[in-house]
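Only one structure is covered here, and it is reproduced in the block below.
Protein chains in written order, with this note's numbering: chain C, 5 to 298; chain F, 194 to 451.
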């Protein structure tokens with residue numbers, strides 16, 4: 005079974021010594037500095053690609069009409085699927101999820117689905133019979149650490165970008181209008197969670213943000229804090245070396261601060277991209293004639 | 194009879210099962226319950242009951258770590274454990290996440306460098322579930338590992354803490370609560386916390402911290418920080434209880450030998 009090569013002892017000692025004695029990282033970043041984040045939208049609505057240093061993640065949102073589940077007749081369905089493939093790293097194998105993949109999928113699920121970032125009630129069309137099933141497919145294209153952070157940003161960016169077809173209900177008849185007939189509708193997003201991963205070194209005294217793959221392999225513990233602009237949505241420290249509580253509390257505050265920063269820059273990119281698509285005046289916000297979508 | 198805590202708590206200051214905010218449920222822990230296993234225990238916290246057996250340290254399979262023992266966890270939730278009879282599969286992601294959390298918590302806590310090329314298997318069976326699953330599993334594994342003779346610097350103890358956010362008067366402080374049962378876990382925001390004793394002089398260190406619900410962060414009376422502080426205290430209470438159980442068992446063993 006292919007595995008990622010373990011980091012060599014020489015590299016490990018070098019990284020740790022540089023961190024502990026001089027607070028230096030391999031790429032020269034500050035301890036709390038993120039790598040450069042690049043967010044681009046694809047041709048289709050709901051397709052976002054995030055590049056975090058060398059890590060690259062693509063998320064595609066799709067929606068289809070289906071029957072709601074028996075237990076929740078008034079809610080639509082929202083699922084997030086992550087599949088790590090060898091494209092990203094030799095350590096990933098399709099069909100055999102590693103512990104890391106399970107944790108990533110659980111954290112994304114808790115951060116976005118369980119925290120009700122999407123209002124699933126607004127996805128209901130006819131209670132008990134028809135509802136929208138929104139699906140977020142996360143594809144990791146290249147792995148160099150920071151996977152949780154990149155996947156979360158990409159998923160939220162894609163969700164903000166996506167537009168679903170408009171639906172009109174007359175009694176029993178449901179009509180789904182095509183994109184050309186009626187302007188598609190954005191999803192109802194209640195809040196924007198952002199995951200921030202903290203890596204601990206030197207008996208929990210040194211904390212790094214956004215570790216690269218090598219830094220991840222030599223860390224003693226990790227904690228993922230998901231926050232939106234004013235709340236902490238989830239915390240995940242799955243074991244690892246024990247850490248001082250005072251440091252943990254400081255991490256919460258850093259997480260909210262970084263989440264606000266990230267949300268602001270994400271909103272700016274979103275408005276810029278939507279404005280670009282509007283160039284011929286075909287957006288949801290403008291009145292339009294019979295002009296085809298370019 | 195009210196079905197939620199939030200509506201009645203401000204008037205009665207009692208939770209639905211009659212406990213005060215800082216009262217733990219009754220913890221009954223037994224050690225060495227299965228003499229054939231290398232280590233075993235049975236921990237019951239209120240209505241949550243978990244049996245733990247340890248197999249190991251024994252020879253590791255394949256390319257084990259050459260310098261440390263590898264800790265593996267297996268959780269089996271019995272179909273009769275919850276209100277509805279339900280088979281929880283092995284590939285359920287929630288169970289896999291719990292297994293990984295317990296493995297990683299003990300991997301970093303036990304003195305694994307004393308057993309290179311070995312493996313330690315923690316098998317947990319959940320007989321009854323009423324909130325606090327991860328905490329009871331961690332506590333059961335902790336004393337079962339002591340029974341197996343695996344050395345560790347201190348007992349890893351775990352508990353859940355939640356907070357009651359008053360809905361009527363938003364100016365009053367959020368109230369923390371310790372050791373939530375299932376009904377409270379569904380209703381209130383809560384976190385799972387596990388701590389170990391710190392070095393002499395410093396406070397307890399956090400080993401596991403899991404929270405799946407949204408909690409506000411405010412400058413004053415931060416509910417998240419209050420929950421954490423109360424949780425640290427709660428873990429210390431659980432730890433002293435577990436230590437007492439272990440010491441009693443040790444006394445019984447040494448007296449029996451004489």
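We put the CB at the ideal spot given by N, CA and C, even for glycine.
With DSSP run on the structure shown, which of helix, strand or coil describes residue i?
i: residue 147(C); result: coil
i: residue 262(C); result: helix
i: residue 110(C); result: helix
i: residue 92(C); result: coil
i: residue 441(F); result: helix
i: residue 152(C); result: helix
i: residue 277(F); result: coil
i: residue 446(F); result: helix
i: residue 328(F); result: helix
i: residue 277(C); result: helix
i: residue 120(C); result: coil
i: residue 426(F); result: helix
i: residue 182(C); result: coil
i: residue 140(C); result: strand
i: residue 198(F); result: helix
i: residue 411(F); result: coil
i: residue 303(F); result: coil
i: residue 174(C); result: strand
Closer than 7 Å by C-beta to residue i: which residues in its own chain qualify, once you throw out the five before and the five after it? Chain order, please.
i: residue 308(F); result: 250 and 262
i: residue 197(F); result: 380
i: residue 295(F); result: 266, 315, 330, 331 and 334
i: residue 435(F); result: 222, 332, 335, 336, 348 and 350
i: residue 281(F); result: 270 and 288
i: residue 173(F); result: An answer regarding residue 173(F) cannot be provided, because it is not within the stretch 194 to 451 covered by chain F.
What number of angstroms, rounded off, separates the C-alpha of residue i from the C-alpha of residue j?
i: residue 213(F); j: residue 373(F); result: 11 Å
i: residue 263(C); j: residue 233(C); result: 6 Å
i: residue 265(C); j: residue 211(F); result: 44 Å
i: residue 71(C); j: residue 77(C); result: 9 Å
i: residue 293(C); j: residue 182(C); result: Below a pLDDT of 50, predicted positions are generally treated as unreliable, and residue 293(C), at 48, falls in that range; the measurement from the model is reported next regardless. Distance between the alpha carbons of residue 293(C) and residue 182(C) is about 15 Å.
i: residue 311(F); j: residue 351(F); result: 26 Å
i: residue 286(F); j: residue 87(C); result: 14 Å
i: residue 212(C); j: residue 120(C); result: 29 Å
i: residue 411(F); j: residue 10(C); result: 42 Å
i: residue 196(C); j: residue 83(C); result: 16 Å
i: residue 409(F); j: residue 54(C); result: 28 Å
i: residue 398(F); j: residue 391(F); result: 5 Å
i: residue 225(C); j: residue 388(F); result: 14 Å
i: residue 139(C); j: residue 125(C); result: 15 Å
i: residue 207(F); j: residue 150(C); result: 44 Å
i: residue 229(F); j: residue 377(F); result: 38 Å
i: residue 171(C); j: residue 132(C); result: 16 Å
i: residue 146(C); j: residue 260(C); result: 27 Å
i: residue 166(F); j: residue 439(F); result: Any property of residue 166(F) remains undetermined from this structure, which presents chain F solely from 194 to 451.
i: residue 405(F); j: residue 236(C); result: 9 Å
i: residue 165(C); j: residue 92(C); result: 25 Å
i: residue 274(F); j: residue 241(F); result: 9 Å
i: residue 328(F); j: residue 250(C); result: 22 Å
i: residue 158(C); j: residue 217(C); result: 19 Å
Whose C-beta lies closer than 6 Å to the C-beta of residue i among residues of the same chain, with five residues either side of it excluded?
i: residue 269(F); result: 318
i: residue 383(F); result: 353, 355 and 373
i: residue 270(C); result: 161
i: residue 240(C); result: 111 and 228
i: residue 142(C); result: 63, 86 and 155
i: residue 80(C); result: 124, 127, 128, 135 and 136
i: residue 179(C); result: 172
Starting from residue i, trace the alpha helix (DSSP H) in both directions and tell me its first and last residue.
i: residue 102(C); result: Element bounds for residue 102(C): n/a, residue is neither H nor E.
Leaving aside the five residues before and after residue i along the sequence, list all residues of the same chain whose C-beta is less than 8 Å from its C-beta, in chain order.
i: residue 24(C); result: 205, 206 and 210
i: residue 346(F); result: 302, 304, 389 and 390
i: residue 427(F); result: 215, 217, 352, 354, 371, 372 and 386
At what residues does the beta strand (DSSP E) containing residue i begin and finish?
i: residue 116(C); result: No beta strand (DSSP E) holds residue 116(C); DSSP gives it neither H nor E.
i: residue 320(F); result: 311–321
i: residue 87(C); result: 81–87
Exercise. Which ranges would you report for the alpha helix (DSSP H) in the stretch 8–76 of chain C if only whole runs of at least 4 residues count?
Worked result: As summarised for the stretch 8–76 of chain C, the continuous alpha helix (DSSP H) elements at least 4 residues long and confined to that stretch are 13–26, given in chain order.
For this session: Go through the stretch 335–400 of chain F residue by residue and report every complete run of the alpha helix (DSSP H) that reaches 4 residues or more, in order.
Result: Whole alpha helix (DSSP H) segments, 4+ residues: 375–380.
For this session: Can you check the stretch 184–247 of chain C for any beta strand (DSSP E) of at least 3 residues that lies completely inside it and give the ranges in chain order?
Result: Whole beta strand (DSSP E) segments, 3+ residues: 198–205, 210–213, 225–231 and 235–241.
Problem set entry | beta strand (DSSP E) runs contained entirely in the stretch 203–285 of chain F, provided each spans 3 or more residues | Unbroken beta strand (DSSP E) stretches of 3 residues or longer found wholly inside the stretch 203–285 of chain F: 220–224, 232–238, 241–252 and 263–270, given in chain order.
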